[in-house]
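Under the working numbering, think of the first position of the first sequence as 74, with each following residue one higher.
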Amino acid sequence: MLDIKLIRTDPEAVKTAIARRGESTTSIDEVLQLDSRVRAIGTERDDIRAEVKQISKQVGALHKDGKADEAADLQTKSRELGDREKALTDEADELAGQIRSLLLNVSNMPSPEAPDGLTEDDNIELRVENFDPGSYADHQKVPHWDVAEQLGILDVDRAVRMSGSMFVMYRGAGARLLRALIAYGLDRNRDAFEEVRPPTVVKTETMIGTGHLPKFSDDAYHLERDDLWAIPTAEVPLTSMVAGEILDESELPMRLMAHTSCFRREAGSAGRDTRGLLRVHEFDKVELYSFCTPEQAPDMHMEILARAEGAIRDLGLAHRVLDLACGDISGAGSRTYDIEVFAPGADRWLEVSSVSWCTDYQARRANIRYRPEGEKGTRFVHSLNGSGLAVPRVWAAIIETYRQADGSVRMPEVLLPYLGDMTEIPAPG
RNA sequence: GGAGACGUGGCCGAGCCAGGUUGAAGGCGCUUCCCUGCUAAGGAAGUAACGUCGUAAGGCGUUCGUGGGUUCAAAUCCCACCGUCUCCGCCA
């Protein structure tokens, strides 16, 4: 949520920033209008409340002195004021509700440093590593859905039978590789990040905190009977972990990581990227997360990016890092770097991490503040998140990249400690 | 799921059954100062967040789990919901 005070004092700057995303700014004007009315009403209401309080005290005193007649007059007057107060309160609440719902649907302002542009074509490629398109042999140019079927490590048909399309099931060595990737993703960040295993199903207000609701309700699974939502990313419960709390500056930066299942309805993308693991409704992910001060945020952003990229690099996968254009940054972010791995079989780049700096946007929604040392009052924290390891797409890239001429798949060196005696997935009989 | 008890400030804990001057006693913690060779003990003062008006000092308002209701007036009365604890049931 944007700062209403900023909208009040510098509406043009806010509108200019929002416009860089290609989003409409009309709601900013509406907010401005509603806000000035709600404040005028609030002032009047507060004055009346103060008067009612005074009168009530007098009534009490008069009753004590046995002057019921005088009290009765005041009570009548107070009752009238009360009616007026009620009407003003209703109006103010109504307007405040309108403002809130408008603001909840406005995205964060992109950072001034975020590249211009509205589509992914405007993203800036910062670096490409370990990639030589001519270096791939024919046996690597087989898409993972075919390789996986040959090796019996992914059972899509049966998963679809029990859960519907775009659900998958890992089997045997495939499931083991999945588990190794999760452990690897967590362990390499254990030096600084606290491991958390949060709930996978959360309340509506928890989803609002990150910005996933109300705007993107079609993307999430909703359990209607209990009004709970299946999380699309661990970012949701992790943000909520300290919702409503006032942290000590000494606790910052707070570094958290979590492995969870993530659930996405992919409502807008039916029929797209449906092969194999390119796009699935349920997947595993290790998320890196931080709450910090505004001053700590830029370094933290780089740290999370470096950790996410390091995990991919050490797996020996070709990858690139993109600086996302304003229009391609998700709602809560102000600056986002994407990491994509190259999958030689599918012959395409796959997004495996989105490292976002959300400034105080989520902190306002979830009401997360800290007490700056040597300063009175509180400030909103900054929140940052990034996938430490999005498992299915990395799994797919490994299966394709490490496929040998004989059809077997070698396991990356760094995963061996997690695989016991499994150094490869052998070629079929 | 059933029965009962309970939800007060950073923490503990009064107040609620007899509604009024209670933003809320007392204690702990914390901050500053005094005392002191140092420490301990002791003394004094301070110690919420948010909104709004104001250059400021400060004023006004909101918040005693959440939301409604009753009343001139609600931490106190009524209703609903959420949560916690205990016992029973069930279960990994």
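In this text, a Cβ means the ideal position worked out from N, Cα and C, and glycines have one as well.
Computed from a prediction, not measured in an experiment: that's the story for all the values here.
Residue i, DSSP secondary structure in three states
i    : result
E446 : coil
K288 : coil
A503 : Lying outside 74 to 502, the shown extent of the chain, residue 503 is not represented and no answer is given.
A86  : helix
D396 : strand
A416 : strand
Y257 : helix
D321 : strand
R94  : coil
R466 : helix
R452 : strand
I498 : strand
L489 : helix
Backbone CA spacing between residue i and residue j [nearest angstrom]
i    : j    : result
I121 : A92  : 41 Å
E96  : L147 : 54 Å
N196 : R337 : 24 Å
L378 : R483 : 27 Å
E573 : R231 : Outside the displayed span of the chain (74 to 502) sits residue 573, for which this structure offers no information.
L390 : T474 : 7 Å
E202 : R393 : 6 Å
A293 : W302 : 7 Å
L135 : E124 : 16 Å
T116 : E164 : 13 Å
I471 : P272 : 29 Å
S109 : K78  : 11 Å
V315 : Q435 : 12 Å
E339 : R244 : 24 Å
I281 : G400 : 21 Å
G190 : Q369 : 27 Å
I255 : R444 : 35 Å
D291 : G341 : 9 Å
Reference residue i; option with closest CA among the options
i    : options                   : result
W422 : A246, D83, E193 and Q127  : E193
E324 : L175, E424, I441 and R348 : I441
R328 : R380, E339, P206 and E164 : R380
A307 : Y434, D83, A463 and T98   : A463
S129 : K137, E186 and S151       : S151
L227 : H217, R234 and S236       : H217
S481 : S456, N262, A398 and E222 : E222
Residue(s) in a DSSP beta bridge with residue i
i    : result
W430 : R408 and L457
L329 : E267 and Y362
K276 : L301
I121 : None, per the DSSP bridge assignment.
F336 : E355
V201 : R393
E424 : E413
R476 : V482
Any non-hydrogen atom of the ligand HEM closer than 7 Å to residue i Cβ
i    : result
V229 : As far as ligands go, the structure on display features none, and thus does not contain the ligand HEM.
Beta-carbon proximity list for residue i, same chain, < 7 Å, skipping 5 on both sides
i    : result
G406 : N181, S429, W430 and C431
Cutoff 8 Å; reference residue i; Cβ partners in own chain excluding five residues on either side
i    : result
D300 : K276 and T277
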